[in-house]
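Trainee: In UniProt numbering, the protein residues as written are 1 to 321.
Next up is a structure, given as structure tokens.
What follows is the structure, encoded as structure tokens:
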């Protein structure tokens, strides 16, 4: 472990206290670092490690580095000092499953999710499990029509979990992506890696599970993944465009398990919530939206949030043209 960089030495001491011994020894200890007046350059043994660090640790590393040296730029790249190639811990690393990207959009947060009667219960449950994953409401099943905020609240859960625990293994996956990953596993004879990757997560967030309907092998794999995660007290969050019992082509054993936790609906927003959504979006866009315009739009579009946002974009475009 090289300590040419005082800034990196500070990061190392902090990370060693915050991460588990296994996480630190596998991902952090093998790293080297060099530093000049403006840049901390962190050197990793291969691209796999670079990708993992950028996915899971970069925000924390930047935060720690800038407490030691204000405005320092952090770069993670493949390399070594003096031609010496650092190696990953060979005792523990081979059993570490291949990582799944979290695929979370940082734009989606609880802070910019507009709460109203139509989504109040879903928001409360989501906030609770983000703070205490795997301990209550597991699985959390959120259903409702298109464009009502299911994906927003699901990704807000994942983003909050990562804020609370930097090393949490969280993955947001559309159900079609799960199917695609499974098919690739079968094609390339890597199905065991597929299983290990999904079943080693701390939280699995699957969007639009209605697309599992009629796909027997995918349902079989998801059934066993679901069981493995729940047995390990890991969090599962699911969304669907309808109540789970109403999804034709979905196995009864899956429908039964979806009911083990909490099932909540998100309804179309009422007038006041629609206005609040429009005002929040306009502020985010830096637009001064008069109240009367917000009410005008909200009264005419009562179906979903996506159409509200589309109407707001048209108003903004007309004002700027």
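Don't be surprised by glycine CBs; every beta carbon is placed ideally from N, CA and C.
(1) Would residue 165 pass as a contact of residue 260 if the rule is Cβ separation under 9 Å?
(2) Taking all protein chains shown into account, do 16 or more other C-beta atoms lie within 10 angstroms of the C-beta of residue 290, making it buried, or fewer, making it exposed?
(3) From what residue to what residue does the alpha helix (DSSP H) around residue 225 run?
(4) Closer than 8 Å to a non-hydrogen atom of the ligand ATP - does that hold for the CB of residue 77?
(5) Report yes if the CB atom of residue 73 is closer than 9 Å to the CB atom of residue 40, and no otherwise.
(6) Is residue 76 helix, strand or coil when you go by DSSP?
(7) Taking the continuous beta strand (DSSP E) assigned at residue 322, which residues delimit it?
(8) Nearest-angstrom Cα distance between residue 393 and residue 111?
(9) Is the separation between the beta-carbon of residue 197 and that of residue 250 shorter than 9 Å?
(10) Where does residue 5 sit, in a helix, a strand or coil, going by DSSP?
(11) Residues bridged to residue 207 by DSSP?
(12) Looking at C-alpha atoms only, which residue of 175, 235, 23 and 148 is the closest neighbour of residue 211?
(13) Per DSSP, what kind of secondary structure is residue 141 in: helix, strand or coil?
(14) Would you give the residue range spanned by the alpha helix (DSSP H) that residue 168 belongs to?
(15) For residue 280 and residue 116, which I take to be in contact (beta-carbon distance under 8 Å), what is that distance rounded to the nearest angstrom?
(16) For the beta strand (DSSP E) containing residue 239, list its first residue and its last residue.
(17) In this structure, how does DSSP classify residue 104 when only helix, strand and coil are distinguished?
(18) With 16 as the cutoff for other CB atoms within 10 Å, does residue 78 come out buried or exposed?
(19) Name the DSSP beta bridge partners of residue 32, please?
(20) So, do the region 199-207 and the region 157-173 have three or more beta carbon pairs nearer to each other than 8 Å?
(21) Buried or exposed, going by whether 16 or more other CB atoms sit within 10 Å of the CB of residue 186?
(22) Rounded to the nearest angstrom, what separates residue 266 and residue 50 at their Cα positions?
Mentor: Judging by the given coordinates:
(1) no
(2) The Cβ neighbour count for residue 290, taken over all protein chains shown within 10 Å, is under 16; the residue is labelled exposed.
(3) 216-231
(4) For the ligand ATP, the structure offers nothing, since it holds no ligand at all.
(5) yes
(6) In this structure, DSSP gives residue 76 an extended state, which the three-state scheme calls strand.
(7) This structure leaves residue 322 out entirely; the chain is present only between 1 and 321.
(8) Residue 393 cannot be examined here, being either before or after the span of the chain that is shown, 1 to 321.
(9) The answer is no: Cβ separation not under 9 Å.
(10) coil
(11) 174
(12) 175
(13) strand
(14) Neither: residue 168 is in no alpha helix (DSSP H) and is coded neither H nor E.
(15) Residue 116 and residue 280 do not touch by the CB rule: their CB atoms are close to 11 Å apart, not below 8 Å.
(16) 235-240
(17) coil
(18) exposed
(19) Under DSSP, the beta-bridge partners assigned to residue 32 are 43.
(20) yes
(21) Answer is exposed; the Cβ neighbour count stays below 16.
(22) C-alpha separation (whole angstroms): 39 Å.
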